[in-house]
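Student: Next up is a structure, given as C-alpha cells.
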Amino acid sequence: MKMNKRQIIIDLLSKVLAGEMSPEVALDSWPIAEKSDDKSIKKAWHTLCHYSIDDDIRAKDKSYEASQRHAIEEIIVALGHARVTP
Amino acid sequence: MVANHPSGFFDLAAAPRQPLAVAAWPTTPRKTRVGVFRHRSSGQTSSQRRCRSIITPGSRRCGYKTVSGRHEWLNRDPIQELGGLNLYAYVGNNPINRIDPYGLAWYDGIAGLTGLGGPGTFSAAWSGFGGSWSDSANSIGQALGGAAAGNWDQVANAYDSGVFGQTQDADPFTYYGTRAAVDTAAAATAAAAALEAAPAAGAACKKLKDNLHFDGPKWNSKDPTTGRIGQIRWGNTPLIRLDYHRLEPGGNPVLHLNIGPEGTHIPLWGGDGPSVWQ
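Protein chains in written order, with the working numbering: chain C, 1 to 86; chain G, 1001 to 1278.
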C-alpha cells in the first residue's frame, strides 16, 4: 500500500518536472496524509509547495531553477529506493 | 713620537693602559659629547684615538675632519663597548692586512675594497660580526631588516633604544627629524597596506553582492491565501525563509520559518486542530 503511495507521488513529481502538470495541480492531487508517512513523503510535499510558490524566482534565475529541479529529482530517487531522506 | 702600531703609526689608543677592571680610563663620561665617536674597543673618544687615512691598512674611516686636523666620528660607535677590549679585534687582530672602513666589519685590505679578493674576502669581511659583535650587530640588523620588510615599528623601536647611537640631548634636531622620517615611513607603509587590502575588500563585497539574494513576497496564483513572505539565500541555498502554506495535504496554512537548506520548520501561527503529520 505504501509503495503505491510512493509511486503516486513519484508520478506527480515526474510530471511536474516534465511540464505535464502544474505544481498546484500536483499538490491538489496529493494522497491523503497518514500518520505512517515517513520523512521522505513529508519532505516531498514541502519541497513541492516551495516549488509552486517560487516560479517567479525560477523565471529570472536559471541556476535557482536547476537547483530546485535537482532537489525534486533527488526526492524522486529517494522515494523510488524507499529510502528515508534526512 | 715613537711608532707603537704595527702599521708604523703612533696610536694613542694603543698606548699602555691599565685593564678596564680597575677603571683606569673612565675619565670621559659614557654619555658622549656631541658628534664625538667613542671607539668600541675601550670607550675612548676619538680625541684619544685618532683616525687615520682610509687607505691605510688597519685604519677606520672617520666621519669628518675638524679644523684642527683631527678626524672625528659623527656618532657614537653603534656597538659601544661590546666590541671588546682588544684594540685590534675590529680587524681580527690583523691590522696590517685588514681595514674596517665602516666600523661594521673588516675587509682584507685593498683587495677587499676593490673586490679583488674574491668570494672569500666577502665572507671574511662579514665574519667580523662574530663573537662579541653579535648582540648589537643583531640589533642593527633587525632594524635594517625591519626597514627592508617595511616593519617600521621595529625600526622605531630600534631607534628609541638608541641602537644607532643617536641621542635626543646631543642633537635634538637630528633626533626628531629622523624620528619624524621613521614615523612618516610607518604611516606610508600602513597606508600602502590599507590600499593593498582595498581590492580584497572590493572582491569580498562583489562576492557578497553576487551571492546574497533576498526574495520578496509572492502569493500562490492558484491559492492566494498561501505564499512566500520572504527568503534570504546564499546562491541557491536557502538560509532563512518565512512561508505561509499548508504543512500537510488538506491542512490549513501555517505561518512558519524554514531554517537552513534542509528547511527545518518552525511553526509560528496558524493550523487548525491536530495535524496528521505532527
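C-beta: ideal position from N, C-alpha, C; glycine also.
Does the distance from the C-beta atom of H1256(G) to that of I1266(G) stay below 8 angstroms?
Tutor: yes
Student: S14(C) and I75(C): beta carbons closer than 8 angstroms?
Tutor: no
Student: Which of helix, strand or coil does DSSP assign to H1245(G)?
Tutor: strand
Student: Might you give, ordered along the chain, the residues of its own chain that have their beta carbon closer than 6 angstroms to the beta carbon of G1235(G), omitting 5 neighbours on each side?
Tutor: So the list reads N1211, once near-sequence residues are dropped.
Student: Run the proximity test for L48(C): is its beta-carbon closer than 7 angstroms to any non-hydrogen atom belonging to the ligand GTP?
Tutor: This structure lacks the ligand GTP, and indeed carries no ligand of any kind.
Student: Hey, is the stretch 1181-1188 of chain G in contact with the stretch 1198-1206 of chain G, meaning 3+ C-beta pairs nearer than 8 angstroms?
Tutor: Result no; under three Cβ-Cβ pairs closer than 8 angstroms.
Student: In three-state terms, what does DSSP make of I32(C)?
Tutor: coil
Student: Using the three-state DSSP reduction, which class does A1193(G) fall into: helix, strand or coil?
Tutor: helix
Student: Taking C-beta pairs closer than 8 angstroms, name the residues in chain C that P1249(G) reaches, listed in chain order.
Tutor: L27, W30, P31, I32, A33 and W45
Student: In chain G, which residues lie less than 9 angstroms from I53(C) when you measure between Cβ atoms?
Tutor: K1218, W1219, N1220, T1226, G1227, R1228, D1243 and H1245
Student: Between which two residues does the alpha helix (DSSP H) holding V77(C) run?
Tutor: K62 to G80
Student: With 8 angstroms set as the bound, which would you pick, yes or no: does the beta-carbon of D11(C) sit closer than that to a beta-carbon of chain G?
Tutor: no
Student: Would you say S40(C) faces chain G, with C-beta separation under 8 angstroms as the test?
Tutor: No, no contact with chain G.
Student: So, does the stretch 14-26 of chain C touch the stretch 1187-1201 of chain G, judging by three or more C-beta pairs under 8 angstroms?
Tutor: No, because fewer than three Cβ pairs between the stretch 14-26 of chain C and the stretch 1187-1201 of chain G fall closer than 8 angstroms, the two stretches do not touch.
Student: For the alpha helix (DSSP H) holding I41(C), just list the boundary residues, first then last.
Tutor: That run of the alpha helix (DSSP H) goes K39 to I53.
Student: Roughly how many angstroms separate the alpha carbons of K1218(G) and H81(C), rounded to a whole number?
Tutor: 34 angstroms
Student: Could you check the C-alpha separation between G1043(G) and A1192(G) for me, to the nearest Å?
Tutor: Summary for G1043(G): the model assigns pLDDT 39, below 50, so the residue's position carries little reliability, and this model does not support an answer.
Student: Kindly list the residues whose CB is nearer than 6 angstroms to the CB of F1214(G), restricted to its own chain and excluding five residues on each side of it in sequence; keep chain order.
Tutor: I1232
Student: For V1276(G), decide whether its Cβ has a neighbour in chain C, counting only Cβ atoms nearer than 8 angstroms.
Tutor: yes
Student: Identify each residue in the stretch 15-26 of chain C for which the Cβ-Cβ distance to at least one residue of chain G is less than 7 angstroms, and report them in chain order.
Tutor: E24
Student: Report the CB separation of S52(C) from N1258(G) in whole angstroms; it is logged as a contact under 8 angstroms.
Tutor: Not really, about 15 angstroms apart at Cβ, beyond 8 angstroms.
Student: For I57(C), go through chain G and note every residue whose CB falls closer than 7 angstroms to its CB, in chain order.
Tutor: Ordered by position in chain G, the residues that pass the 7 angstroms Cβ test against I57(C) are D1215.
Student: Nearest to W1269(G) by alpha carbon, out of R1098(G), G1250(G) and D1243(G)?
Tutor: Ranked by Cα distance from W1269(G), the options R1098(G), G1250(G) and D1243(G) are led by D1243(G).
Student: Output yes if chain C places a C-beta closer than 8 angstroms to the C-beta of G1271(G); else output no.
Tutor: No - not a single Cβ of chain C is within 8 angstroms of the one on G1271(G).
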